[in-house]
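The numbers in our numbering rise by one with no breaks, and the one at position 43 of the sequence shown is 42.
Read the structure below first, then the notes.
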Amino acid sequence: MRQRRPRQRGLAVVMALLLTTLAVTLVASLFWQQQVQIRALENQRLQMQTRWALQVGLDWARQILRDDALASSVDHAGEAWAAPMREVPLDEFLARDPGAADKGRAVLSASIVDAQARYNLANLAQNGIANAAQIAVFQRLLTFLKLDPALAEATAATIATTQTPAPPDKAGAPAGATQPATQAQLAHTVDLLSVAGFTVATLARVQECVVLLPGPTALNVNTAAPEVLAAQLNLSIAEAGKLVASRAQAYFRDAQEFERRAALSPAAGAISVGSDYFLVNGVVHLDRAALNLQALIYRKKTGNTTVKWVRSY
């Protein structure tokens, strides 16, 4: 009996240690799960707040564009919409934990870009039929960017296959090319990666000079880059650069003034001095969260705006 008692006491101590270890493990696991749930809720709150802040930026852009349309039908880089909104503090508008260990900055930045300052890829085809003249324009742009001009025909073919052909009119004759095309698959410039020959590097080179809008549009000569101007008007980069320098001194008030100052023949609707489509870029930094937004806004002549699409990433 004397020999069994020490053994029993030793087993009791071991069992007590095991139970204590198990209890500590269970408690630690519960605390860990609770921390995970708290962190998940915080992440959800941060995502909701960043999306709300980006919506504020989008509403700001729509109001700026509306006021601009009511003031003038001409759009140029000297107007209020072209001035970016840089790192506006959001601390006064967001509910944040002042004692959070990872509390960082809360700022919103947004900018508006004239979409019609870029070459519109929707011009490459109308009603499912490729436009040879516009293919030539895109070929020149690709050449200026030191890219393969053969990509123009491949892009036009892809866009043509994703458009809905225009139905015949009531008299049975084919409808004219003035009917808007319907984009079925290609919606953003990033979708060019589905076109044969386009790579990530190619897209990075061309992305700042092209846009894909819901239908054909004219090029705004008050905001277009020299490469886009040169491609559209079949000029050299040097000639386009002179036009850009000229508009920096005084923007073009109408297409006739542009043609007179540029010594060009009428461009037959290929150019304009105003725009209907604008890209809004926004970014929110909130503590450890960051969210980017890009939206396409269509603005009517009355100033009313419609958001065509929104991408967040």
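Backbone N, C-alpha and C define an ideal beta-carbon position, used for all residues, glycine too.
Note that the coordinates shown come from a computational prediction; the quantities given were computed from them, not determined experimentally.
Residue j beta carbon less than 8 angstroms from that of residue i
| i | j | result |
| --- | --- | --- |
| Leu140 | Asp147 | no |
| Phe251 | Val112 | no |
| Gly302 | Arg65 | yes |
| Leu123 | Val279 | no |
| Leu228 | Leu212 | no |
| Trp308 | Ala289 | no |
| Phe197 | Val220 | no |
| Asn291 | Ser311 | yes |
| Gly281 | Leu89 | no |
| Leu218 | Ala269 | yes |
Nearest neighbour of residue i, chosen from the options [CA to CA]
| i | options | result |
| --- | --- | --- |
| Arg246 | Gly77, Ser108, Gln206 | Gly77 |
| Val210 | Gly281, Phe137, Ala239 | Phe137 |
| Asn126 | Arg117, Ala105, Gln231, Thr161 | Thr161 |
| Leu185 | Glu258, Leu228, Ala121 | Ala121 |
| Ala114 | Tyr312, Arg310, Ile296, Val309 | Ile296 |
| Thr216 | Phe143, Ser311, Asp190, Ala116 | Ala116 |
| Ile128 | Leu285, Tyr118, Ala155, Arg260 | Ala155 |
| Lys300 | Phe197, Thr188, Asp67 | Asp67 |
| Ile63 | Pro225, Ala27, Ala109 | Ala109 |
| Trp59 | Ala244, Ala131, Thr222, Val87 | Val87 |
| Glu347 | Ala151, Ala135, Thr188 | Because the chain is modelled from 0 through 312, residue 347 falls outside the range shown and cannot be assessed. |
| Leu232 | Ser264, Val199, Asn130, Lys145 | Ser264 |
Status (buried if at least 16 other CB within 10 Å, exposed otherwise) for residue i
| i | result |
| --- | --- |
| Leu25 | exposed |
| Ala183 | Its pLDDT being 41, under 50, Ala183 is placed unreliably in this model, and the value from its coordinates should be taken loosely. So Ala183 ends up on the exposed side. |
| Asp253 | exposed |
| Ala170 | Note that Ala170 scores a pLDDT of 47, beneath 50, so its modelled location is shaky; the value from the coordinates is reported in the next line. With fewer than 16 Cβ atoms within 10 Å of its Cβ, Ala170 is classed as exposed. |
| Gln133 | buried |
| Asn119 | buried |
| Pro83 | exposed |
| Ala239 | buried |
For residue j and residue i, believed in contact at Cβ under 8 angstroms, the rounded distance
| i | j | result |
| --- | --- | --- |
| Ala52 | Val205 | With 8 angstroms as the limit, Ala52 and Val205 do not qualify as a contact, their Cβ atoms being about 31 angstroms apart. |
| Leu285 | Ala149 | Rounded, the Cβ-Cβ distance is 45 angstroms, inconsistent with contact. |
| Asn230 | Phe143 | In the sequence as displayed, the identity of residue 230 is Ala instead of Asn. Right, the Cβ-Cβ distance comes to about 6 angstroms (below 8 angstroms), so this counts as a contact. |
| Val194 | Ala153 | 5 angstroms |
| Thr304 | His75 | Incorrect: roughly 19 angstroms between the Cβ atoms, too far for contact. |
Quick check for students: name the residue ranges of the alpha helix (DSSP H) that lie wholly in the stretch 178-261, counting only runs of 4 or more.
199-205, 225-232, 236-248, 254-261
Residue ranges of each alpha helix (DSSP H) run of no fewer than 4 residues wholly in the stretch 80-164, ordered along the chain?
131-143, 150-160
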